[in-house]
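Protein sequence lines, in the order shown, are assigned to chains F and H. For the record, in the first sequence the residue sitting at position 456 is 456 according to our numbering, with numbers rising by one throughout. For the record, in the second sequence the residue sitting at position 244 is 1244 according to our numbering, with numbers rising by one throughout. Heads up, the beta-carbon is just placed ideally off N, CA and C, and yes, glycines get one too. Keep in mind it's a predicted model, so treat the numbers as computed, not measured.
Protein chains: 2
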Amino acid sequence: MGQLPNGVARRIIAAIKEQIHSGVYQPGDRLPSTRAFATDWGASRTTVTAAYGQLIAEGYLTTRPGSRAIVAQGLGVAAAPTASSADAPRYLSAFALRLLALPAPAAAQTARIADFRYGDLSGADFPVLAWRRALTRASLRRAPQLRYGDPQGSAALRNALQAYLWRARGISCTPDRIVIVNGSQQGLDLCARLLLDPGDPFVIENPGYVLARHCFVAAGGVAVPVPVDADGLRTGSLPTARLAYVTPSHQFPLGSVLSAARRRALLAWAARTRAYVIEDDYDGEYRHDIAPIPPLQTLDPASVIYAGTLSKTLSPTLRLGYLVVPAALSRAFVEAKRLTDRHTPLPEQDALADLLASGAYERHVRSIRRRNTERRAVLLQALADLCPAVTIAGADTGLHVVAWIDGVAADREPAIIETARAAGVGLYPVSPMYDATEPRPAAAGFVLGYAGLDPDALRRGVAVLATVLAEHRRIG
Amino acid sequence: MGQLPNGVARRIIAAIKEQIHSGVYQPGDRLPSTRAFATDWGASRTTVTAAYGQLIAEGYLTTRPGSRAIVAQGLGVAAAPTASSADAPRYLSAFALRLLALPAPAAAQTARIADFRYGDLSGADFPVLAWRRALTRASLRRAPQLRYGDPQGSAALRNALQAYLWRARGISCTPDRIVIVNGSQQGLDLCARLLLDPGDPFVIENPGYVLARHCFVAAGGVAVPVPVDADGLRTGSLPTARLAYVTPSHQFPLGSVLSAARRRALLAWAARTRAYVIEDDYDGEYRHDIAPIPPLQTLDPASVIYAGTLSKTLSPTLRLGYLVVPAALSRAFVEAKRLTDRHTPLPEQDALADLLASGAYERHVRSIRRRNTERRAVLLQALADLCPAVTIAGADTGLHVVAWIDGVAADREPAIIETARAAGVGLYPVSPMYDATEPRPAAAGFVLGYAGLDPDALRRGVAVLATVLAEHRRIG
């Protein structure tokens, strides 16, 4: 990554195509000079000239002697509506055009036997009574007036989170650096808006979390994918970028933990280049075999924006999350939250503060962690028993594993998903999590989320999966 | 508005200053040529030249012979941090710089006797039992898996809203044009992101709703204030703009209703210039004396984005609102909502769907409308009895009135607020709702919200107000 000229050239080609497809560059627009572009990217001019040459050969750009490259005529925005003008938007912002050019997310499935969708939790795990009691207690404490709350989040919740983050994750912060958000997705979106301008490069793990990447791309950022291995993000040659998005506790989706040496390297890079690191601790509560590693945030609170969520312990439907931000960014995040939606709903904030302060939340986490450790054991045993030619990655922490289907090519993922769906099992591929311009493993792979399924459904789902895979091995 | 050259020049001057203060134009940047600027604004070149001349005289711009105007050196961003570098952000996006350059919102007050803050509702008016029952019923209907919901909003809620909007507001729309949002503020923010690029002009009522204006300015839009009178927005000479934000049912804050002729003129302008109209129907449920007027949306569903909220009938703390968007924009709004925060919390969506479908919501609205009609009568009577030299505007609809203090100058608003606060009454001025570059009434004025106060507090609050005003009249 970043050290091979042809890798850089390919990234430049992909970035320019993306900007053309998303409408940032319009037909007839002049591109920056190769010299200016090379400076912006920290690339050599030879590399940029090669990239431009490829784009000219492919018909994306045209040139006139002595002049800068121009975006070719007749290249429409990818998502431009083709219906009659009555059905077309009158106009859209550059943000909207970039947004609509993003690949569509995988459609939700309904699965008869087992849906391995990552992110689902079992309805039976939700602490229905404790939550209802907490909501009721909060409603009884309500003031005589119903009024807009603090955009940063209620003081009660931020105080309770401060104590929880210290106990559970070793994070030391004052409540004025905590911002309550509607799930970590809103936290990422606020980061994108506050920290990225169109054209700004950002580092993202490859493979990585698609909705984070989409957030930053929609804001106009240019993705610089950096590969991950068994020690997490490869920090050997990090490019210049505004920010890096990482999942150090449990790389999504592959499951590695960022090593101590790479943590230091990443933070040194951030301090040296004055970049920010967004640490998504999306399932920091789930560790099955290894000792907890403190968040990056604890090592350098001035460089790291820490994003936490309640979607993996309470419910994704509640839309509760929080950020711990560097002191210098606190005001920007609070004002952005105010304009975005004023504040996160107060009943949920109050109920969560109550659960945290009473200790009920941590009791619940211990209970759901035991249940998910059991689900994981059932899943791994069933896979070992029934699916011999499958390699499992990332099982030490979290609520999902990645299953690599040895000897079955990646391009068979859609066909396998179709067969599985017909047999009542929902499967989700790893391919969309890889950058399309970068190399990836040859084998087909699937992300298997297990937190929404009971042991019986897990066993039956794996049995169906085994049959489906056997069938595809015969064909392929 | 817009017809007098010096009005246009003043707007151009204000817009350029705003762009410089917010960091869109940096020191050393070249401005567009007067010819290009005039074309963009639909202004004469003479007007633009006059505006540039004024900015040169004020030291904002410099020129060299035969060259375009340049932003002067030494003009910092207004909100640039002045603390030590450890306390300064490493960098911020243009959005963040514009955001931080906005004037700070009025601080919330705690008032011993009565707080006339607009937007508050009485806690006693919230249907605690009905809401709790609806939440419980919804939690019993939950699926075996807790999973992310539809970004557009739950089908049950959109179906229930479709029926409600037809019954209550005469809006005919399919559920695929409804988008559930976290209060109307999020709806406005989505509009800003999807429909405005930096430099795009937008029409906004003057005076008008500050958080709407801020949303659009933070997105990079350039405000074009258009005055309102007793018939609402003056549509005589609407400038070219991307969109217009209006409150046609009850102009905020002055309370006029947009006349039928001006409705037609506004929609004709939108159709002719291919602009969108954002109709904020923030308190459409409250009409005390006049017959309901159908929303603009019913006249031209392809031009109008309709924004509704539950903040004035249930509670501002729940963060529930909805948009009805033109069919051509539906996909853009849904994808933006997905990246912004995935979806609005499901428990609230489910409970609201239940209240709407059972008829409990409309019973509640009838009840709270009666209570607010009573509060309004008490307030108006108390003002008539105790504050003779006060002119009341906008009392026919809604949950607030504007009180103009005859014979007391606008610049005394802060002093009156201070005295009132010391006497236990929270007052909020109209001045921040006026565009700083436009003329406004000479008298001091206050927005008096009454929905959070019981009749006794209203009477006592007005009594204090009368004393405070009498004191200031003696001084002033």
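Cutting at 7 Å between CB atoms, please list the residues of its own chain near residue i, excluding the five before and the five after it.
i	result
ARG1342 of chain H	TYR1148 and PRO1151
ARG1011 of chain H	VAL1224 and THR1437
ALA1124 of chain H	none
THR1082 of chain H	Per-residue confidence for THR1082 of chain H stands at a pLDDT of 39, beneath the threshold of 50, marking its modelled position as unreliable; no derived number is given.
TYR1434 of chain H	ASN1206, PRO1207 and ARG1440
ALA1393 of chain H	LEU1254, GLY1255, VAL1401, VAL1402 and TRP1404
ALA1327 of chain H	ARG1177
THR1391 of chain H	TRP1404 and ASP1406
LEU458 of chain F	ALA114, ARG375, VAL378, LEU379, ALA382 and TYR450
LEU1195 of chain H	ARG1242, LEU1243 and TYR1276
ALA1138 of chain H	PRO1347, ASP1350, ALA1351 and ASP1354
Excluding sequence positions up to five away, which residues of its chain have a Cβ less than 6 Å from the Cβ of residue i?
i	result
GLY1170 of chain H	PRO1294 and THR1298
CYS173 of chain F	VAL324
GLN1479 of chain H	No information on residue 1479 of chain H is available, as it lies outside the stretch 1001 to 1476 that chain H covers here.
SER1122 of chain H	GLY1452
ALA9 of chain F	THR47, ALA50 and ALA51
LEU356 of chain F	ALA160 and TYR164
ASP1281 of chain H	SER1249, PRO1295 and GLY1308
GLY1310 of chain H	In the sequence as presented, Gly is not what sits at residue 1310 of chain H; that position holds Leu. If we look at LEU1310 of chain H and ignore the five residues flanking it on each side, its Cβ neighbours are LEU1320.
Nearest to residue i by alpha carbon, out of the options?
i	options	result
GLY1232 of chain H	H:GLN1251, H:TYR1282, H:TYR1245 and H:GLY1221	H:GLN1251
GLU279 of chain F	F:TYR361, F:ARG272 and F:ALA302	F:ALA302
TYR91 of chain F	H:TYR1276, H:LEU1238 and H:ALA1415	H:TYR1276
VAL228 of chain F	F:THR340, F:ILE475, F:PRO414 and F:SER256	F:SER256
LYS1312 of chain H	H:LEU1329, H:SER1367 and H:ALA1270	H:SER1367
VAL955 of chain H	F:TYR450, F:VAL365 and F:LEU339	Chain H is shown only over 1001 to 1476; residue 955 of chain H falls outside these bounds and no answer can be derived.
ASP1300 of chain H	H:SER1315, H:SER1184, H:GLY1153 and H:ALA1265	H:ALA1265
LEU1296 of chain H	H:ARG1287, H:SER1249, H:GLY1321 and H:ALA1336	H:SER1249
ALA244 of chain F	F:ALA230, F:ALA260, F:ARG274 and F:ARG132	F:ARG274
VAL447 of chain F	F:ALA457, F:LEU458, F:VAL430 and F:GLY461	F:VAL430
PRO1198 of chain H	H:LEU1386, H:ARG1460 and H:ILE1016	H:ILE1016
ALA336 of chain F	F:LEU188, F:THR136 and F:SER358	F:LEU188
LEU1465 of chain H	H:ASP1456, H:PRO1455, H:ASP1454 and H:ALA1420	H:ALA1420
Would you say residue i reaches chain F, if we count a Cβ-Cβ gap shorter than 8 Å as a contact?
i	result
CYS1215 of chain H	yes
GLU1279 of chain H	no
ASP1176 of chain H	no
ARG1371 of chain H	no
ASP1120 of chain H	yes
GLY1123 of chain H	yes
ASP1341 of chain H	yes
GLU1362 of chain H	no
GLN1185 of chain H	yes
ARG1068 of chain H	no
Keeping to the same chain, check which residues put their C-beta closer than 8 Å to that of residue i; ignore five residues upstream and five downstream.
i	result
PHE95 of chain F	ALA218, ALA219 and GLY220
ALA470 of chain F	none
ALA1442 of chain H	ALA1409 and ALA1410
ALA1395 of chain H	GLY1255, HIS1288, ARG1376, LEU1380 and VAL1401
If residue i and residue j are in contact, beta carbons under 8 Å, what's the gap, nearest whole angstrom?
i	j	result
VAL1203 of chain H	ALA1241 of chain H	5 Å
ARG1319 of chain H	VAL1408 of chain H	About 37 Å separates the two Cβ atoms, so there is no contact after all.
ARG1213 of chain H	TYR1428 of chain H	With 8 Å as the limit, ARG1213 of chain H and TYR1428 of chain H do not qualify as a contact, their Cβ atoms being about 16 Å apart.
ILE1180 of chain H	GLN1162 of chain H	Actually they are not in contact, since the Cβ atoms of ILE1180 of chain H and GLN1162 of chain H sit about 12 Å apart, beyond 8 Å.
ALA1444 of chain H	ILE1475 of chain H	Incorrect: roughly 13 Å between the Cβ atoms, too far for contact.
ALA1463 of chain H	LEU1386 of chain H	6 Å
PHE37 of chain F	LEU190 of chain F	That belief does not hold up - the Cβ atoms of PHE37 of chain F and LEU190 of chain F are roughly 30 Å apart, past 8 Å.
LEU1238 of chain H	PHE126 of chain F	Rounded, the Cβ-Cβ distance is 52 Å, inconsistent with contact.
Would residue i count as contacting chain H if we go by Cβ distances under 8 Å?
i	result
SER256 of chain F	no
ASP87 of chain F	yes
GLU348 of chain F	yes
SER93 of chain F	yes
TYR52 of chain F	no
ALA80 of chain F	Model confidence at ALA80 of chain F stands at a pLDDT of 38, short of 50, so the residue's coordinates are unreliable; what they give is reported in the following sentence. No, its Cβ sits nowhere closer than 8 Å to a Cβ of chain H.
Using a beta-carbon distance cut-off of less than 8 Å, what residues from the segment 1140-1166 of chain H approach chain F? Listed by position along the chain: ARG1142, ALA1143, PRO1144, GLN1145, LEU1146, ARG1147, TYR1148 and GLY1149.
Contact residues within the segment 190-210 of chain F, judged by C-beta distance below 7 Å to chain H: Correct list: ARG193, LEU194, LEU195, LEU196 and ASP197.
Residues in the segment 125-136 of chain F with C-beta within 9 Å of chain H's C-beta atoms, listed in sequence order? Answer in chain order: ASP125, PHE126, VAL128, TRP131, ARG132, LEU135 and THR136.
Taking beta-carbon pairs under 8 Å, can you tell me which members of the segment 235-260 of chain F lie near chain H? Listed by position along the chain: ARG242.
Any residues in the segment 1302-1315 of chain H with a beta carbon nearer than 9 Å to a beta carbon of chain F? Which ones, in chain order? Within the segment 1302-1315 of chain H, the qualifying residues are ALA1302, SER1303, SER1311, LEU1314 and SER1315.
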